[in-house]
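Chemist:
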Amino acid sequence: MSFVNFDPAELAKFQALADRWWDPRSEFRPLHEINPLRLEWIDGLSALKGRKVLDVGCGGGILAESMARKGADVLGIDLADKPLKVAALHAQASGATVAYQAISAEALANGCEARFDIVTCMEMLEHVPSPDAVIEACARMTKPGGWVFFSTINRTPWARLIAIFGAEQVLRILPRGTHDYRKLIRPDELKRAAGRVGLELRDQRGLGYNPLTRNFRLHRSLSVGYLLAMQKT
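Its first residue numbered 198, the sequence shown is counted upward by one per residue in this note's numbering.
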């Protein structure tokens, strides 16, 4: 039997929460709040208008739909079918033009080599058994000179304190059990994996959260959440 790169328990988490994906007061509030930050960062580095874009692990479509509103031709993919249905219904109701497909990045890459100008893979790598396989698939599907954007969480004691204990157990801005510390990825690990498949670092940003103002921001420290912008050579 061929290897399928997903964890059934991780998939079940997001299936169970599908109907709350677009509620900004739900468990997905952090995604709604960080979306403008990551959207403008992506658009600032590689203008989205007129670009062919793939959003890997799109979930309920928060980022995919916002990129489409910037003028991109967007395909969102995920293995969780319930969030995909929510994404499609929301796009239909809002008038956004986004295509969605229930497929893995690895499977799609078999017929989509060098097809996309931009590939995004946000808050997804820490939830799969083999992040390197997803990174390789993202690189294969990107055109030469195209961009790949990743975001994930660093594997540091500080990240364990802030992103897991603080966010999940104290502030409860994320459901308990959202992240497994052992699956978190250090920036140097992600950069090495990306470098092996022809991706070069162009920019990196840390994601910070102020519990007093309840605001997220991008900064230069990669000690907790972070985003990497890579370009295919």
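Glycine included, C-beta positions come from ideal geometry on N, C-alpha and C.
#1: If we ignore side chains and look at the alpha-carbon of each, how far apart do isoleucine 239 and glutamate 320 end up?
#2: Going straight from the alpha carbon of serine 199 to that of glutamate 310, what length do you get?
#3: Taking DSSP as the reference, what is the three-state secondary structure of lysine 249?
#4: Output needed for glutamate 445: all residues of its chain with C-beta closer than 6 angstroms, excluding positions within five of it in sequence on either side, in chain order.
#5: Examine the Cβ distances between the region 353-362 and the region 323-342 and report whether three or more of them are shorter than 8 angstroms.
#6: In whole angstroms, what is the alpha-carbon distance linking tyrosine 297 and lysine 249?
#7: With a threshold of 16 other CB atoms inside 10 Å of the CB of alanine 390, please say whether the residue is buried or exposed.
#8: Considering only their Cβ atoms, is the gap separating threonine 339 from lysine 429 smaller than 8 angstroms?
#9: Expressed to the nearest angstrom, what Euclidean distance is found between the alpha-carbon atoms of proline 326 and alanine 261?
#10: Mapping DSSP to helix, strand and coil, what is cysteine 335?
#11: Apply the 10 Å Cβ neighbour rule to leucine 286 and answer buried if 16 or more other Cβ atoms are within range, or exposed otherwise.
#12: Leaving aside the five residues before and after phenylalanine 225 along the sequence, list all residues of the same chain whose C-beta is less than 6 angstroms from its C-beta, in chain order.
#13: Quick check: what's the CA-CA separation for tyrosine 378 versus isoleucine 350?
#14: Out of Ser420, Leu381, Ile359, Ala336, which one is the CA nearest neighbour of leucine 398?
#15: To test your reading of the DSSP string, which unbroken alpha helix (DSSP H) runs of 4 or more residues are found completely within the region 380-406?
#16: With DSSP as the reference, please indicate the residues paired to threonine 410 in a beta bridge.
#17: For tryptophan 238, name the three-state secondary structure that DSSP assigns.
#18: What separation, rounded to the nearest whole angstrom, lies between the Cα atoms of leucine 208 and cysteine 255?
#19: What do you get for glutamate 323, buried or exposed, if any count of 16 or more other CB atoms within 10 angstroms of its CB means buried?
Modeler: On the basis of the supplied data:
#1: As a first step, residue 239 is located in the sequence shown; it is residue number 42 there, counting from the start. As a first step, residue 320 is located in the sequence shown; it is residue number 123 there, counting from the start. Distance between the alpha carbons of isoleucine 239 and glutamate 320 is about 15 angstroms.
#2: Reading the sequence shown from its first residue, position 2 is the one you call residue 199. Reading the sequence shown from its first residue, position 113 is the one you call residue 310. Confidence in serine 199 is poor, its pLDDT being 45 and thus under 50, which makes the residue's placement unreliable; the coordinate value appears in the next sentence. Whole-angstrom Cα-Cα distance: 21 angstroms.
#3: Counting from 1 along the sequence shown, the entry for residue 249 is found at position 52. Note: lysine 249 maps to strand in three-state DSSP.
#4: Since the first residue shown for the chain is 198 and the last is 430, residue 445 is missing from the structure and cannot be characterised.
#5: no
#6: As a first step, residue 297 is located in the sequence shown; it is residue number 100 there, counting from the start. As a first step, residue 249 is located in the sequence shown; it is residue number 52 there, counting from the start. Whole-angstrom Cα-Cα distance: 14 angstroms.
#7: Taking the first residue of the sequence shown as position 1, residue 390 is located at position 193. So alanine 390 counts as buried.
#8: Locating residue 429 in the sequence shown gives position 232, counting from the first residue. Locating residue 339 in the sequence shown gives position 142, counting from the first residue. Taking 8 angstroms as the Cβ cut-off, lysine 429 and threonine 339 qualify as a contacting pair.
#9: What you label residue 326 is simply residue 129 of the sequence shown in a count that begins at 1. What you label residue 261 is simply residue 64 of the sequence shown in a count that begins at 1. About 24 angstroms.
#10: In the sequence shown, residue 335 corresponds to position 138, counting from 1. Looking at cysteine 335 - three-state DSSP - the assignment turns out to be helix.
#11: The residue labelled residue 286 in the question sits at position 89 within the sequence shown. Leucine 286 comes out exposed.
#12: Along the sequence shown, one-based indexing puts residue 225 at 28. Result list for phenylalanine 225: Trp218, in chain order.
#13: Stepping through the sequence shown from its first residue, residue 378 is reached at position 181. Stepping through the sequence shown from its first residue, residue 350 is reached at position 153. Approximately 9 angstroms, taken between the alpha carbons.
#14: Within the sequence shown, numbered from 1, the residue matching residue 398 stands at position 201. It is Ala336.
#15: 384-393
#16: For this step, residue 410 is matched to residue 213 along the sequence shown. Paired residues: none, contrary to the question.
#17: Sequence index remark: in the sequence shown, residue 238 carries index 41 (1-based). In the structure shown, tryptophan 238 sits in a helix (DSSP, three-state: H, G or I).
#18: Within the sequence shown, the letter at position 11 stands for residue 208. Within the sequence shown, the letter at position 58 stands for residue 255. If I take the Cα positions, the gap works out to 13 angstroms.
#19: One-based indexing of the sequence shown puts residue 323 at position 126. When all chains shown are included, glutamate 323 counts as buried.
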